[in-house]
Each structure stands twice: as structure tokens, then as C-alpha cells.
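One structure below.
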Amino acid sequence: MRKRKFPGKIPVSGSRNKRIGPILWVLCASLCLAPEFPITALAEDTDRDHPRPVSPPHKPVEDRLRLMLVLGLNSMSWASYSYSTSVTTASGELLQYSGTQVSPGGTLIIGAAITPPGALRRWTLGLNLNLGGLESWARPVVPSGIATPFSQEDLIFQIERKYGYRAGWAPAFSPYIEHDVAALLGRKLRLGYAYWTQRGEYKGSFVANPVTGAPGAYDVHLNYSSHLVRVSLNHYEFLDSDTTVGGSEDRGNKMGLLEQVGVSAGTHRTVMIFVGIGPFWRF
């Protein structure tokens with residue numbers, strides 16, 4: 000009768016096979032009884048040997064002091080101002096009138112601004128010197144509907160003749176503060192507040208009575224002030240690089256050109272449009 004083989008038994012033949020058989024049994028048993036290999040521990044050991052590179056913290060785009068000078072034009076599309084008129088007739092009588100008028104105008108801007116470094120880098124403080132003013136010389140200086148013992152037509156004619164080619168308004172300082180709110184097409188969009196105050200004066204003589212030729216004297220004081228919401232779009236370009244300030248910038252550059260355009264609107268029916276250009280330095 001044929002002998003039946005035991006399951007799992009490895010047949011051996013010869014003296015050599017008899018030696019290899021027990022070794023194979025030991026290896027198989029070791030593999031079956033061995034615990035699972037700690038793959039996670041190996042991964043941790045690998046991470047310790049080769050640590051991942053740590054990215055440096057993000058640095059702000061602007062962390063230096065920025066100084067700007069601006070030369071520009073300001074178109075005062077519309078603004079309301081007050082006047083106070085004193086007229087002295089030939090007989091020595093003193094007459095006084097006051098009221099308000101609305102007029103367009105324009106100024107030449109000479110300004111300076113500074114942007115602090117660090118945490119305040121989004122704020123800009125500025126001061127503009129405005130040369131010019133409203134075209135008030137073409138407006139009446141006596142309230143409408145009031146009868147006067149002198150010629151209002153000749154009074155306005157003399158004011159227009161004397162001050163039509165020179166501003167009757169004194170230079171005005173206008174401080175402002177702005178904050179960066181967005182980056183638009185490589186430019187910085189800023190929103191802020193500005194204050195404007197300006198005074199003017201018309202003074203001279205005129206013909207109070209055209210029939211008799213009696214002279215008269217006038218002294219007109221003008222006053223304008225406004226609280227303004229200021230919106231500006233600013234483009235910075237370094238002179239020694241094609242890099243502009245709106246996203247990243249070359250930190251090696253220190254001087255460039257500023258282009259600015261904006262609009263202001265506020266109290267006393269004021270609307271202004273301004274443009275400017277000038278150098279800037281980064282320290």
C-alpha cells in the first residue's frame with residue numbers, strides 16, 4: 000500500500016536535504032511568529048535624520064521709512080465759500096454785507112508725505128501747500144436782491160479787473176492721512192481724510208456813483224474750509240529697476256518716481272480732482 004504524505008512536510012532526499020530541512024522549518028516558523036515591523040518608527044527616524052526645511056516667516060512688502068515729494072494740480076470742480084464785504088462811500092458811510100457763493104477753482108500743489116515703517120507701513124501722512132483758489136473774483140460780493148447806494152456792477156468790474164489775473168486767496172495748507180485698502184493693477188489704492196482751510200481778501204477802490212464819479216472803497220474777506228474724504232491711486236516705480244510697488248519689490252532699490260491721481264469730496268459742496276508726480280526715497 001502507498002504511504003500517504005503528511006501535509007506541509009517537505010520531502011528530503013540524501014544527507015544534504017536532511018540538513019536543509021530543519022533550517023527551512025526554523026525560518027518559516029520565525030517569519031510566522033515575528034511581530035509586524037514598525038514602519039512608522041522607521042519613518043520617524045528618517046525624518047529625524049533628514050528634517051524638512053522650515054520656510055522663513057513672511058516679511059512685509061514695505062518695512063522701511065518712505066518719503067515722498069509731490070508736484071501737481073488740483074481742480075476744484077465745485078465749492079461753497081463765505082464772504083464778508085465792507086464798502087465805504089464818498090460821504091464816509093460804512094456799509095457791510097455777508098453771504099455765500101459757489102464757484103469752481105484750481106490750485107498748484109506742492110506736497111510732502113511720509114509712510115512709517117513696520118506695523119504702520121499701511122498709513123501715509125501728508126501735507127500739501129496749495130497755491131491758487133476759487134474763482135470768486137467773478138462772483139458777486141453782495142447778496143442778490145439787496146439795493147445798495149453804490150454801483151454793484153462797477154464794484155464787481157474793479158474786483159475782476161484787479162484780481163482776475165492774480166489769486167485773491169492766500170496759500171493754503173491741507174493736511175491729510177490715508178490708509179492702503181487694496182492693490183489695483185500694480186498700484187496702491189488709499190482711502191483717507193483731508194482738511195482744507197483757506198482765506199482770501201479783495202481790497203481796492205471803485206466808482207461808487209458812475210453819474211457823479213464819486214469814489215468808494217471796498218474790503219472783501221473770503222473764507223473757505225472743508226472736511227474731505229480722500230481717495231487716491233498711487234503708482235511707485237523704482238528708477239533702477241522694472242519692479243513696481245504693488246506686490247513684491249526689490250529691497251535693494253532706494254529711489255523712484257511716484258505718480259498719483261485721486262478725488263476728494265466733502266463739506267461745503269466740495270468736489271476736487273487732483274493729479275501729481277514726484278520723487279520718493281526709501282530709507
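The numbering of the sequence shown is numbering that gives the first Met the number 0, which starts it at 0 and goes up by one. Here a beta-carbon is modelled for each residue, glycine too, at the ideal position from N, C-alpha and C. Values in this document were obtained by computation on a predicted structure and should not be read as measured data.
Ranked by how close their Cα comes to the Cα of residue 180, the residues 189, 172, 82, 173 have 189 in first place. Under the three-pair Cβ rule at 8 Å, the region 160 to 174 counts as touching the region 189 to 205. Classified as exposed, residue 147 has fewer than 16 neighbouring CB atoms from the shown chains inside 10 Å of its CB. A contact is defined here as three or more CB-CB pairs under 8 Å, and the region 217 to 229 meets this definition with respect to the region 255 to 273. Membership of residue 156 in the alpha helix (DSSP H) is indicated by the continuous run 151 to 162.
One Cα belongs to residue 219, the other to residue 108, and the distance between them is close to 25 Å. Nearest Cα to residue 130 within the set 96, 278, 104: 104. Here the alpha carbons of residue 98 and residue 141 stand approximately 7 Å from one another. By the Cβ-count criterion, residue 118 is exposed, with fewer than 16 other Cβ atoms from all chains shown falling within 10 Å of its own Cβ. For the options 126, 143, 176, the alpha carbon positioned closest to that of residue 120 is the one of 176. The residue among 186, 101, 137 with its C-alpha nearest the C-alpha of residue 165 is 137. Contact annotation: residue 149 and residue 211 have beta-carbon atoms that are not nearer than 9 Å.
Here residue 76 really is in contact with residue 270; their C-beta atoms are around 4 Å apart, less than 8 Å. Burial check for residue 182: the Cβ neighbour count within 10 Å stays below 16, so the residue is exposed. By the neighbour-count criterion, in which a residue is buried when 16 or more other Cβ atoms sit within 10 angstroms of its Cβ, residue 158 is buried. Listed in chain order, the non-local C-beta contacts of residue 94 below 6 Å within the same chain comprise 86, local neighbours out to five positions each way being set aside. DSSP places residue 186 in the uninterrupted beta strand (DSSP E) bounded by 186 to 208.
Judged by DSSP in its simplified three-state form, residue 169 adopts coil rather than helix or strand. Within the region 81 to 160, the beta strand (DSSP E) runs of at least 3 residues that lie entirely inside it are, in chain order, 93 to 114, 122 to 133. By a beta-carbon distance limit of 8 Å, residue 203 contacts residue 161. Their separation comes to about 6 Å.
According to the DSSP assignment, residue 220 belongs to the beta strand (DSSP E) that extends over 213 to 237. Burial of residue 167 is indicated by the presence of at least 16 other C-beta atoms within 10 angstroms of its C-beta.
Judged by DSSP in its simplified three-state form, residue 273 adopts strand. Taking each of 112, 156, 111, 100 in turn and checking the Cα distance to residue 133, the smallest one comes out for 100. Residue 256: member of the beta strand (DSSP E) spanning 254 to 265, first to last residue.
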